[in-house]
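Residue numbers (my numbering): 77 to 191.
One structure is given here, and the rest of the page talks about it.
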């Protein structure tokens, strides 16, 4: 299974970005699709996950600002990020599999929140 993430970029504080991730090579819906992020000098952290039944979880730091969604037919997951803050600056990774973290990782996409 391969995961391909896209959608990162530079945005001003308070702005929005949408990350997308498409999985290929899986014959069925991947149970967990997750977004992680890693800021410079920090450990990778779980941002949000969504199950194939639609259950979601968010890190406290992004609750109310980020929304995760998925398309089971396409094995795709998106992360809508609103009200972005400088502390959201990180490389964001798409992840998926039977657990959290799952076995499959995307290549990462850089999100920079700066004025």
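Heads up, the beta-carbon is just placed ideally off N, CA and C, and yes, glycines get one too.
Beta-carbon gap between residue i and residue j smaller than 7 Å
i           : j           : result
residue 134 : residue 171 : no
residue 188 : residue 86  : yes
residue 91  : residue 155 : no
residue 105 : residue 128 : yes
residue 115 : residue 185 : no
DSSP three-state assignment for residue i, whether helix, strand or coil
i           : result
residue 147 : strand
Residue from the options whose Cα sits closest to the Cα of residue i
i           : options              : result
residue 153 : 88, 187 and 100      : 100
residue 138 : 122, 82, 78 and 169  : 122
residue 93  : 184, 79, 181 and 142 : 142
residue 163 : 82, 88, 125 and 130  : 88
residue 179 : 150, 169 and 119     : 169
residue 132 : 146, 120 and 182     : 146
residue 140 : 157, 79, 125 and 151 : 157
residue 144 : 120, 136 and 125     : 125
residue 151 : 119, 120 and 107     : 107
Neighbour-count burial assignment, residue i, 16 or more Cβ in a 10 Å radius
i           : result
residue 174 : exposed
residue 109 : buried
residue 117 : exposed
residue 149 : exposed
residue 103 : exposed
residue 130 : exposed
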